[in-house]
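In our numbering, the protein residues as written are 21 to 952.
Down below is the structure, laid out as structure tokens.
Rendered as structure tokens:
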């Protein structure tokens with residue numbers, strides 16, 4: 021049992037601490053005052069200044085922090101006497117700017133008292149007076165006198181003491197009402213004798229006394245009690261009895277039988293959340309967020325819920341307030357700051373708290389109210405008056421209440437705990453949309469939502485799971501089919517608007533309006549990037565942002581948009597990579613609309629940046645391609661957008677130039693299927709689009725991909741067309757095309773087309789035209805041709821020599837290919853042990869070249885491992901081989917003997933173990949397998 025579990029605070033009377041059954045009073049008024057203040061603010065941090073004032077009064081402002089810490093140290097020794105000096109405190113913990121008492125409410129008498137009193141009230145109201153009486157007695161037993169001992173009369177404790185005494189009064193009424201209900205009339209009358217003497221102006225006590233006498237059959241005493249009560253109320257207050265006492269009197273006059281009870285309503289606490297907005301529809305998809313935020317609010321005094329426009333901050337805040345309100349003596353209050361002006365924020369909050377108008381210091385009045393009550397105050401839409409809201413929240417620090425703010429950006433005040441709210445996940449978004457579709461269609465909803473699953477998922481993805489957009493999309497279900505709604509949101513998710521009169525705040529009438537409220541206040545630099553980023557339908561880096569805006573301070577600008585929830589920070593795509601950012605689809609739609617209104621064309625700047633990046637492709641096979649591949653991956657969304665723009669929307673020479681240089685990236689980066697689509701689209705573009713050399717490289721790359729996929733005739737046709745267009749290429753074009761021919765050689769060899777391979781070798785020699793820089797490419801294609809014709813072991817020395825030359829020239833593509841082919845020849849010769857080092861070198865060179873996929877090299881390596889008897893390792897690599905072939909739609913295995921090898925190894929290691937190894941390998945990266 022920890023120290024915080026073993027301790028109990030007896031604060032309803034003289035202040036005492038109970039540990040392991042031993043009760044110890046607090047020695048010294050200063051320690052007693054400090055502990056009392058911490059108990060009043062249980063679970064919340066108490067500032068150094070407040071503690072100093074509690075301990076020393078007005079002189080506390082002049083006391084040093086060291087002196088305060090020494091008193092806290094003494095208090096800690098009392099609370100945790102067995103704690104190791106080196107161990108962290110668990111009961112009295114340090115928080116930013118102060119200290120917090122960290123104990124469960126059930127270990128504090130005052131907190132237990134409040135909870136039990138509420139339970140007793142609920143039980144009596146719910147028709148269980150017997151149990152209500154038991155709970156009321158248990159609560160009453162905790163009361164030993166004025167709360168907080170000697171600290172009860174100090175100014176800062178007055179409100180808390182008054183609250184507990186008021187609860188005690190209500191508890192007494194609840195208990196007496198329960199006694200009357202269960203027939204314990206004598207006990208009730210005895211309690212009432214004392215209670216009425218102590219509080220003669222408390223009308224419910226008189227009403228209970230009248231009812232108790234009547235229920236006991238003592239009608240005369242009941243009537244005289246009413247007469248006496250009326251005299252007291254008239255003399256002291258000048259008021260006639262209220263409806264409660266009059267109802268009890270009327271029952272006596274009616275002379276009803278004594279066994280017919282007269283119901284005197286149990287005193288009710290004020291409704292815990294009288295002004296929370298009404299729920300519109302079922303709360304869907306945020307159950308985990310609701311639980312997490314509820315838990316946070318039990319430990320934090322100030323929480324800010326941040327997120328993009330329309331992501332559901334208000335709804336979640338209302339739901340958490342609805343859940344927490346019954347646990348707080350004074351419930352919850354909700355204040356919408358959407359229409360408030362900066363100078364009216366304190367007045368707006370004061371009005372919501374029902375404070376008297378016209379206060380000279382409304383912020384001070386709000387602070388006083390939150391100090392005297394314990395409630396949850398929800399301040400919604402703080403971003404509209406951010407500075408004023410932050411100023412007010414700072415004034416509220418250290419009160420007995422908790423503050424929950426919603427805002428698109430943090431308030432940045434001391435003690436603030438920020439919780440970011442993301443859009444809904446796919447399944448949660450689908451659940452919300454189904455629910456709202458049912459509500460929109462009403463009783464006539466006969467749709468089978470299971471059949472609509474794909475379209476619903478499409479709509480959720482198109483709006484990035486944004487709840488507001490899903491609500492608005494569902495509102496169109498009376499007019500359009502789901503497929504039509506999906507097309508509308510794909511075109512522009514920000515155009516969604518509320519159909520009909522609708523409900524909700526004006527800034528949520530449309531998605532675009534919701535975003536626009538944040539956009540209008542942006543500084544010019546942030547607004548410019550907001551508009552420019554609309555051209556990038558996905559993640560992008562700060563480097564791209566800097567290029568499309570030409571802003572040298574772009575890191576700060578990006579951070580500013582993230583801070584305002586107009587950009588989402590996604591983090592790096594890989595360890596050590598550049599951070600990436602993205603606009604939600606709804607935000608992007610707004611940005612595109614604003615860019616169009618400003619006469620801007622951000623796509624032009626994006627296309628220029630992508631073209632520069634792609635044309636900067638390093639020399640074929642160089643290790644410097646690693647950085648280039650990573651840059652393409654980091655801004656893949658922009659690359660795709662530019663390809664679509666320059667090949668589909670507005671075809672230009674840029675499109676083929678890009679496609680001609682991205683083939684290796686697609687093929688060996690795990691994107692072969694996507695690459696085929698772009699290459700095929702380029703090849704079928706308008707005749708004459710782009711330069712001839714670019715078109716030739718595209719056809720050669722496409723032909724190679726199709727050959728690997730087993731489409732021999734189509735692949736050979738594209739490749740031969742590419743070779744015809746490649747004739748006569750010189751300079752940089754020759755470099756580009758020799759690289760394409762080198763990559764295609766392996767695919768042609770796999771197809772077994774010796775005639776095409778001979779033509780490819782001849783074309784490569786003609787394109788290279790004796791260039792020393794391209795000699796490695798020429799010799800590679802020639803050796804591949806010779807090997808396809810006759811894979812004799814005599815070719816191994818030639819491969820090894822070419823491998824060394826490729827390494828020397830930083831051509832890692834040829835380096836891995838020559839090592840893999842040499843290893844494969846040795847496998848054919850039955851020399852598995854000799855082939856294994858070369859197969860492993862092929863993987864290492866592939867990883868150094870930045871290739872993520874290389875199914876051929878992996879298959880050679882796995883086969884070498886299997887033939888060498890390393891069955892578990894071989895099966896693991898074969899799992900990766902199969903996965904990579906499947907992802908590229910390629911036929912496998914290359915070697916027809918592999919199937920029998922796998923069958924033998926499964927028998928050797930066991931089928932279950934073999935399946936586990938292959939499953940693990942399917943998830944491993946090429947780099948991981950190369951290092952194994």
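We put the CB at the ideal spot given by N, CA and C, even for glycine.
Nearest Cα to residue 250 within the set 893, 172 and 223: 223.
For residue 476, the three-state secondary structure derived from DSSP is helix.
By the Cβ test, the stretch 437-448 is in contact with the stretch 318-327, since at least three Cβ pairs between them sit closer than 8 Å.
For residue 243, same chain residues with a beta-carbon under 7 Å away, outside a window of 5 residues either side, are 272 in chain order. The way I'd put it, the stretch 343-360 doesn't touch the stretch 625-638; fewer than three beta-carbon pairs between them come closer than 8 Å. Under the three-state reduction of DSSP, residue 119 is assigned to strand.
DSSP places residue 87 in the helix class (H, G or I) of the three-state scheme. For residue 38, no alpha helix (DSSP H) encloses it; the enclosing beta strand (DSSP E) starts and ends at 36-39. Per the DSSP secondary-structure output, residue 591 pairs in a beta bridge with 600. Fully enclosed alpha helix (DSSP H) runs of no fewer than 4 residues occupy 674-681, 683-688, 692-703 and 712-728 of the stretch 665-743, in order along the chain.
Here residue 503 is exposed. Its C-beta has fewer than 16 other C-beta atoms within 10 Å.
Segment contact: the stretch 855-867 against the stretch 665-675, fewer than three CB-CB distances shorter than 8 Å; contact not assigned.
When secondary structure is reduced to three states using DSSP, residue 777 falls in the helix class. The beta carbon of residue 112 sits closer than 8 Å to those of 58, 92, 95, 96, 99, 100, 119, 120, 121 and 122, all from its chain and outside the five residues before and after it, given in chain order. DSSP places residue 613 within a helical segment (H, G or I) once states are collapsed to three. Around the CB of residue 500, fewer than 16 other CB atoms lie within 10 Å, so the residue is classed as exposed. Collapsing the DSSP output to three states places residue 353 in a strand. When the five nearest sequence neighbours on each side are left out, the beta carbons in the same chain lying within less than 8 Å of the beta carbon of residue 262 are those of 223, in order along the chain. Residue 555 sits away from residue 573, with the two beta carbons spaced by 8 Å or more. Its chain contains 639, 640, 793 and 794 as the residues whose beta carbon lies nearer than 8 Å to that of residue 755, once the 5 sequence neighbours on both sides are disregarded; these appear in chain order. Residue pairing by DSSP places residue 29 opposite 37 and 128 in a beta bridge. For the pair residue 869 and residue 951, the Cα-to-Cα distance works out to about 15 Å.
In the DSSP assignment, no residue is bridged to residue 68.
Ranked by Cα distance from residue 565, the first of 535, 381, 774 and 599 is 599. For residue 326, the three-state secondary structure derived from DSSP is strand.
Here residue 867 has 946, 947 and 950 as same chain residues with Cβ atoms under 7 Å from its own Cβ, once five neighbours each way along the sequence are excluded.
Look at the stretch 749-799 and you find these whole runs of alpha helix (DSSP H), each 4 residues long or longer: 751-771 and 774-788. Here residue 128 is buried: its Cβ has 16 or more other Cβ atoms, across all protein chains shown, within 10 Å. Residue range 42-45 is occupied by the beta strand (DSSP E) that includes residue 44. For residue 427, the three-state secondary structure derived from DSSP is strand.
Remark: C-beta atoms of residue 938 and residue 898 approach each other more closely than 8 Å.
Taking a cut-off of 8 Å for Cβ pairs, the stretch 690-704 and the stretch 641-653 do not touch, as fewer than three such pairs fall below it. The C-alpha of residue 628 lies about 23 Å from the C-alpha of residue 605. Residue 667 is not a Cβ neighbour of residue 716, given a cutoff of 8 Å. In the three-state reduction of the DSSP assignment, residue 296 falls in the coil class, being assigned neither a helical nor a strand state. About 5 Å separates the CB atoms of residue 264 and residue 227; that is less than 8 Å, so the two are in contact.
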